[in-house]
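Visitor:
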Amino acid sequence: MTASEGTLPATAKGRATRDRIIDAAAELILTHGVQGTTNPEVRAAAAVSGSQLSLYFPDKESLVRAVLNRRGDQVIDVTQRSAEGALDSIAALRSWAAFYAARPDSWRGGCRFGSLASDVLKSDLDLTPDVTAGFARWRTLFRDGLAAMQERGELRPDAHPDSLATILLAAFQGGMLLAQAEGSITPLNTALDGAIDYVESFALEARPR
């Protein structure tokens, strides 16, 4: 955590209070948006006083930054768990896509990180670098896995891990938005399958070990 995310309490009780504030703010922002979420609402939802809120988060920017980072941590955790580890094989990428295919209602609410990022970018808060960093951290999971595949001789030399990682993440974001618009998981499944098929088009047989 950086200083710009607010103050990290020294005690377990204080850390629990801070986490409760972040969780409450995250749910309120999901419902009312960044601009529509107020300090009194956060205090009431988290059951904290004004002095507690200002102690841990001196301004709205620090609070929203903490929520953004929390959502980033969560989406990375889900991505890793759905792939059962590193995204360093076509099978792992298929597992990631299958995680959402097996949950037909997973499109509801959209991507928690992507939706928040879009809302933050429309606000008057100076958090664009944080949004960029959050997406970069998520994209790195894919890039590192694809680079490992290439290093093992499983992807052609002309495959570009950075570009392929961007395609996978863009397919997820775009597919999730279309799924929301259509009220169906199908667009997300189609987008992910197409992106992974494209990655697989660069596949080679692994070198003997």
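FYI, UniProt numbering numbers position 106 of the sequence shown as 106, with every residue one higher than the one before it.
For every residue, glycine included, the Cβ atom is placed at its ideal position computed from N, Cα and C.
These figures come from a predicted structure and were not determined experimentally.
Going by DSSP, what residues sit across from A203 in a beta bridge?
Guide: Within the sequence shown, the letter at position 203 stands for residue 203. In DSSP, A203 forms a bridge with L155.
Visitor: If you compare alpha carbons, which of L55, D77 and L204 is closest to L155?
Guide: As a working note, residue 155 is residue 155 in the sequence shown. That would be L204, whose Cα lies nearest to the Cα of L155.
Visitor: Look up F57 in the DSSP assignment and say whether it is helix, strand or coil.
Guide: Numbered from its first residue, the sequence shown carries residue 57 at position 57. Coil at F57, not helix or strand.
Visitor: Alpha carbon to alpha carbon, how far is L127 from S62? Give it in angstroms, no decimals.
Guide: One-based indexing of the sequence shown puts residue 62 at position 62. One-based indexing of the sequence shown puts residue 127 at position 127. Between S62 and L127, the C-alpha separation is close to 9 angstroms.
Visitor: What does the Cβ neighbour count give for L83, buried or exposed, with the cut at 16 atoms within 10 Å?
Guide: Counting from 1 along the sequence shown, the entry for residue 83 is found at position 83. Note on identity: in this sequence residue 83 is Ala, with Leu being the wrong assignment. Label assigned to A83: buried.
Visitor: Would you kindly check if the distance between the Cβ of G145 and the Cβ of residue 231 is under 9 angstroms?
Guide: Since the first residue shown for the chain is 1 and the last is 209, residue 231 is missing from the structure and cannot be characterised.
Visitor: Taking the continuous alpha helix (DSSP H) assigned at W96, which residues delimit it?
Guide: Your numbering for residue 96 matches position 96 in the sequence shown. W96 -> alpha helix (DSSP H) spans I90 to A101.
Visitor: Have a look at T11, G174 and T31 and flag the residue whose alpha-carbon is nearest the alpha-carbon of W107.
Guide: Translated into positions along the sequence shown, residue 107 becomes position 107. Of T11, G174 and T31, the residue nearest in Cα terms is G174.
Visitor: CA-CA distance, K60 and R43?
Guide: Walking along the sequence shown from the start, residue 60 turns up at place 60. Walking along the sequence shown from the start, residue 43 turns up at place 43. Cα-Cα distance, rounded: 13 angstroms.
Visitor: Any idea if residue 218 is buried or exposed, counting beta-carbon neighbours within 10 angstroms, 16 or more meaning buried?
Guide: With the chain covering 1 to 209 only, the question about residue 218 has no answer from this structure.
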